Each structure stands twice: as C-alpha cells, then as structure tokens.
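There are 2 protein chains.
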Amino acid sequence: MDYSKAVPETIRKLIRNREFMMPTSGVASGYAQANLVILPKEYAYDFLLFAYRNPKPCPLLYVSDPGEKYLEKIAKGSNIYTDIGNYNIYNDGVLVSNVDNVDKYHRDDLVSFIIGCSFTFESELVNEGIKIPHMEKQANVAMYDTNIKLEDSGVFSGNTVVSMRPIKSKDVTKAVMITSRFSQVHGAPVHIGNPGEIGIEDITKPDYGDFVGIEEDEVPVFWACGVTPQNALRQSKIPFAITHGPGYMFVTDIKNSDLITY
Amino acid sequence: MDYSKAVPETIRKLIRNREFMMPTSGVASGYAQANLVILPKEYAYDFLLFAYRNPKPCPLLYVSDPGEKYLEKIAKGSNIYTDIGNYNIYNDGVLVSNVDNVDKYHRDDLVSFIIGCSFTFESELVNEGIKIPHMEKQANVAMYDTNIKLEDSGVFSGNTVVSMRPIKSKDVTKAVMITSRFSQVHGAPVHIGNPGEIGIEDITKPDYGDFVGIEEDEVPVFWACGVTPQNALRQSKIPFAITHGPGYMFVTDIKNSDLITY
Numbered sequence: 014m015d016y017s018k019a020v021p022e023t024i025r026k027l028i029r030n031r032e033f034m035m036p037t038s039g040v041a042s043g044y045a046q047a048n049l050v051i052l053p054k055e056y057a058y059d060f061l062l063f064a065y066r067n068p069k070p071c072p073l074l075y076v077s078d079p080g081e082k083y084l085e086k087i088a089k090g091s092n093i094y095t096d097i098g099n100y101n102i103y104n105d106g107v108l109v110s111n112v113d114n115v116d117k118y119h120r121d122d123l124v125s126f127i128i129g130c131s132f133t134f135e136s137e138l139v140n141e142g143i144k145i146p147h148m149e150k151q152a153n154v155a156m157y158d159t160n161i162k163l164e165d166s167g168v169f170s171g172n173t174v175v176s177m178r179p180i181k182s183k184d185v186t187k188a189v190m191i192t193s194r195f196s197q198v199h200g201a202p203v204h205i206g207n208p209g210e211i212g213i214e215d216i217t218k219p220d221y222g223d224f225v226g227i228e229e230d231e232v233p234v235f236w237a238c239g240v241t242p243q244n245a246l247r248q249s250k251i252p253f254a255i256t257h258g259p260g261y262m263f264v265t266d267i268k269n270s271d272l273i274t275y
Numbered sequence: 014m015d016y017s018k019a020v021p022e023t024i025r026k027l028i029r030n031r032e033f034m035m036p037t038s039g040v041a042s043g044y045a046q047a048n049l050v051i052l053p054k055e056y057a058y059d060f061l062l063f064a065y066r067n068p069k070p071c072p073l074l075y076v077s078d079p080g081e082k083y084l085e086k087i088a089k090g091s092n093i094y095t096d097i098g099n100y101n102i103y104n105d106g107v108l109v110s111n112v113d114n115v116d117k118y119h120r121d122d123l124v125s126f127i128i129g130c131s132f133t134f135e136s137e138l139v140n141e142g143i144k145i146p147h148m149e150k151q152a153n154v155a156m157y158d159t160n161i162k163l164e165d166s167g168v169f170s171g172n173t174v175v176s177m178r179p180i181k182s183k184d185v186t187k188a189v190m191i192t193s194r195f196s197q198v199h200g201a202p203v204h205i206g207n208p209g210e211i212g213i214e215d216i217t218k219p220d221y222g223d224f225v226g227i228e229e230d231e232v233p234v235f236w237a238c239g240v241t242p243q244n245a246l247r248q249s250k251i252p253f254a255i256t257h258g259p260g261y262m263f264v265t266d267i268k269n270s271d272l273i274t275y
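Laid out in structure tokens, this is it:
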C-alpha cells in the first residue's frame, strides 16, 4: 500500500486498528498533520492564552470542546484518543508513560489542542521547487533552544524552540513569501542568518534532531517549532497532560492548501 | 489643540481628566485605537475561544491578566477603567448604564479584551490613496447584520456583522491586498459584490451607521466588523460586562504600522 496516496480517514483507521504503527511523515500527501496537546479544562484558559500570545510556535488549528473525542469538524469519523500511533502521558510535567491508545484516559473535562505542524509548509516549499536538505537526506530537522522569550500565560512560559533549514541564498525570499502565507503552521521565519544572535552557540549541535550541514551557497533559516508548546507544557508541571509522541502526528482532513491565510 | 497630532498618552490623560469627551476618530494619528470588552474570568475562556474561532470579526490585540488595570504593555501609564470617554455596562446582556469612568467596578477577576478596530485599516487605505466615501462625507460607516454564522463557543454565538465601504472598481484589488496585511484589525474583506448572498436585503438600509450611496464605478466591499463581538456579548446574557461606548475607543501606543502581520 502506498500510504502517501491514502486519504486521511484510511490512515486514521489503520492506526486505530494498530495496522499502521510508524511515524506519519509522508502519509496522506496534501493533508495537514498536527501536534496534539490534551489537558484539563482547569488549565485550558492559560494554554489558549499562551497560544494566542505566541502564535508562531503555537499555531492552533482546532480546539475541542471539553470532553470532545470525535473531532468531526477536522477529521471525519476520528477519535483523537485512538487515532495517533504513539502518545506521551505526563504527570506533573514528567513523562510517565508512552502508549498507542489513550481511550481509557478520556474524561469530560479534557480539552484537545490541535496545533499546526511544519510538515505542511515543508511540502509547500518542496512543491515550489525549494530543496530541504534534511528531507533529501531522510534525516530529522535540526531544532535548537533559543534565547527568544515567550510571552507567559499563567503556568506556561519558556523560550521559543526553532527548527533550522539551510536554504539556497537565491531561494530565501521565496521561502519567506511561501511560509508567510501559512500562519497556522508556524508562518514566516523568526530569524535568518547568524545563529549566535538567538543564543545558538554551535549550529552543528542541535538540541533535538539532526544537523545535516550548511553549504557555501546556503543560509540557515529558522522557523518557530512545534516542540515549543510541549516544552512549556512539561515546564508547567501541571498534574496531567497527554501529547502525541514525536513524529506520530494526528492526520487531519484539512488540506494543506486550505491553510493559506486570507 | 490639534488632537490628531497628539501622542496617545496625552489623549488618554485628557480623557482620564474629563478634558476630552468626544468620539476618538482621528485623534493620535498613526496609532491603533481599540474596542474593549471586560468580563469575569468565569466567561473569559469561552470568549477567548470565541475570538480564536472567529478571528476576522474578533481580532485580539491584547488580553489582560485577571484584575490587570494598567495595560503598560500596550498603553504606557494607562488605566483601562478610566481612559475611555464612554463605557457601557451590561447586566444579563442588558445595557443598564452608560458612564465616563468605571474605576469603581474594578474586580480582581475581570479580564479586559482589547480588540482591533477598523480605524487602523481605514487610515492605511487612505494613506495609499483609496477613497473611503463615508470618511469624505464625515458620516459613520454602514454596518449590516448578515447570514454568516459564527463558530459558537460556550455562551457566545451569533452571526457576523459587516461594515461596507464602496470602493472604486480599479482600487478593489489594492484594498484587498492592503487590508489582508492587517489581520489584527479585521484583515481582508469577507465578501465583495452582491449583498444578497450574505443576507443583506436592502443595501440602502444599514442596520447600524449611515448609507452614503454606491456610485456606478464602485463595488460594495464588506469587512468583518467590531460590532460582532459586542452583539455576541449581549446575546450571551452573561451577568456582568463592560464595553466601550460606540465611537469612544481605547487609544493605544501600538503604531498602525506595527500591526502589519508577518
């Protein structure tokens, strides 16, 4: 089966039935994949305000009602508690469990935050002929902690985490223009050029992911990264939260092309 | 005194001292003016989610912490409870009082929502040479109830209210491009052309404001309007809320030019 050509509903069903248990990069091509944060309603206001105050690292695609499990509006026939292949469970900010189904944790006071993912803008960049080195080398994108302070909201705070893609100098303008149209999946770069200015001391040593080199004719381009809200979640030490496991995203019915901001 | 050339801090001080008690259109030129909604923390999550779900009619510029009174981050030396010339007070969705100072209503659980206002994009349109008929005729903009459903959130729901500006056919593209860059002040138009399609039966009879005619070479262009969240607030019938009085806006230190979305 060519998973890249499958529709999102098929992928979600395969995952639900434990028939597809791999990272979701490349599946259901053309459809937006998303990060997941589930937390109690008690903390939902602070988190929603945190996302509003920091829209680049925390771009919201959807916020569920408390207790909402079947996210029909963005994923037909879905169950957000079973349709991801890998979930992390946190108690007091500490990862306590990694499972492939969280249905038994469902509670009426839990709110799901569905957060945009860079897969969308990467596929748009590639469609427009821009080379993304880590994709060509089948590596993970390089990610770095920075000195870019986030706006606090209640228990949530921290610094922005960025992803870095080396982009050909001739393509940087195009990369800015394209990603600026996708504000719900991190939008335009937050920094272009000298890594030291945002507190990255050694660009060859990412805090997460893989460094794949920067060529003479390439410039390091930094986008806000979806790891940011998960870090803030851990640092908040709230009693209970669920997230997706890295690389195992929620495959939505939203078309990448529908995420262009008007 | 030429109020259009005054800085925002001066205008706010004059208002606080009851020395400037007129509508604020045209004052502190170049700075963003804003709509205000104050409501109890108990309803703040629903309202914040309502604004997130309906970003065009409810574009947030700032959300205060509960009890926050001096909005230093967007207005130096300000007091949001005294620095507007006219406030409306609502009990159970009913307007019960219209006053020039609400300092005595301050409570530690009240949250202020500062919402973008079309004055910002109108001044940008005028700066770029686009004629805005109601401004030239010193009338109020025409506003209409529509059949465009809002996304519900808790107690908040309703339809979008739009403002309409007749724009010269040759300038419509330019008006779209300019306003699309200002997503925090209603952004690009929601509808261009036939009013009937969005449920407006008689364009000559606005639900609010003044109809100033549409010339042969003009097209009606509709933007989401800041009256929308206030209508939703009234319809919600929540026990207590404060808003600004129409035309009496909060004058912030935010430059219009800083509201361009990147």
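Protein chains in written order, with the numbering used here: chain A, 14 to 275; chain B, 14 to 275.
Positions of the beta carbon are idealized from the N, C-alpha and C atoms, including for glycine.
Just so we're clear, the structure is a prediction, and the values are computed from it rather than from any experiment.
Distance between Y58/A and D15/B, taken at the CA atoms: about 42 Å. Think of a sphere of 9 Å around the beta carbon of A57/A: the chain B residues whose beta carbon falls inside it are Y58 and L62, in chain order. Judged by DSSP in its simplified three-state form, P252/B adopts coil rather than helix or strand.
DSSP places L73/B inside the beta strand (DSSP E), whose first and last residues are L73 to V76. In the DSSP assignment, S131/A falls outside any beta strand (DSSP E) and carries neither an H nor an E. For V50/B, there are no neighbours in chain A by C-beta distance under 7 Å, as the nearest C-beta there is about 15 Å away. Going by beta carbons, L272/B and Q151/B fall outside the 7 Å limit. As DSSP reads the structure, L108/B sits in a beta bridge with Y103/B. By the criterion of a C-beta distance shorter than 7 Å, H119/B is surrounded in its chain by K82 and Y94, once the five residues flanking it on both sides are discounted. Between Y100/B and G258/B a beta carbon distance of about 6 Å is seen, short of the 8 Å cut, so the two are scored as contacting.
Secondary structure note for Y16/B: it is in no alpha helix (DSSP H), with a DSSP letter that is neither H nor E. In the three-state DSSP reduction, M262/B falls in the coil class, being neither helix nor strand. The CB of L73/B comes closer than 9 Å to the CB of Y65 in chain A, given here in chain order. Uninterrupted beta strand (DSSP E) stretches at least 3 residues long and entirely within the stretch 178-262 of chain A occur at 231-237 and 253-257, given in chain order. In the structure shown, M148/B falls within a helical segment according to DSSP collapsed to helix, strand and coil. Beta-bridge pairing by DSSP links I51/B to S125/B and I255/B. Excluding the 5 residues flanking it on each side, E210/A has same chain C-beta neighbours closer than 8 Å at H204, in chain order. Relative to the Cα of S91/B, the nearest Cα in the group I255/B, D266/B and Q248/B belongs to D266/B.
For the pair D78/A and P242/A, the Cα-to-Cα distance works out to about 20 Å.
At least one CB of chain A lies nearer than 7 Å to the CB of V76/B.
Interface with chain B (7 Å Cβ-Cβ cutoff): Y275/A is included.
Residue contact with chain A for A254/B: absent (no Cβ-Cβ distance below 7 Å to any residue of chain A). Judged by DSSP in its simplified three-state form, D158/B adopts strand. With its beta carbon less than 7 Å from one in chain A, A201/B belongs to the interface.
Two segments are said to touch when three or more pairs of C-beta atoms, one from each, lie closer than 8 Å; by this definition the stretch 24-34 of chain B does not touch the stretch 209-225 of chain B.
A distance below 7 Å separates the beta carbons of V175/A and F235/A. For S193/B, the C-beta contacts it makes with chain A under 8 Å involve Y275, in order along the chain.
Going by DSSP, R120/A is part of no alpha helix (DSSP H) at all; its letter is neither H nor E.
With respect to the 7 Å criterion, F134/A and T192/A are classified as neighbours on the basis of their beta carbons. Comparing alpha-carbon positions, the option among I102/A, D223/A, D184/A and K18/A lying closest to S42/A turns out to be K18/A.
In this structure T159/A is buried. Its beta-carbon is surrounded by 16 or more other beta-carbon atoms within 10 angstroms. Comparing alpha carbon positions, the residue from G39/B, C71/B and G142/B closest to S170/B is C71/B.
If the five residues before and after K69/B are omitted, its C-beta is found closer than 7 Å to the C-beta atoms of H199, G200, V203 and A237, all from its own chain and listed in chain order. DSSP places N67/A in the coil class of the three-state scheme, outside both helix and strand.
Close CB contacts of I143/B within its chain, under the 8 Å cut and outside five residues either way in sequence, are with I180, K181, D184, K187, A188 and I191 (chain order).
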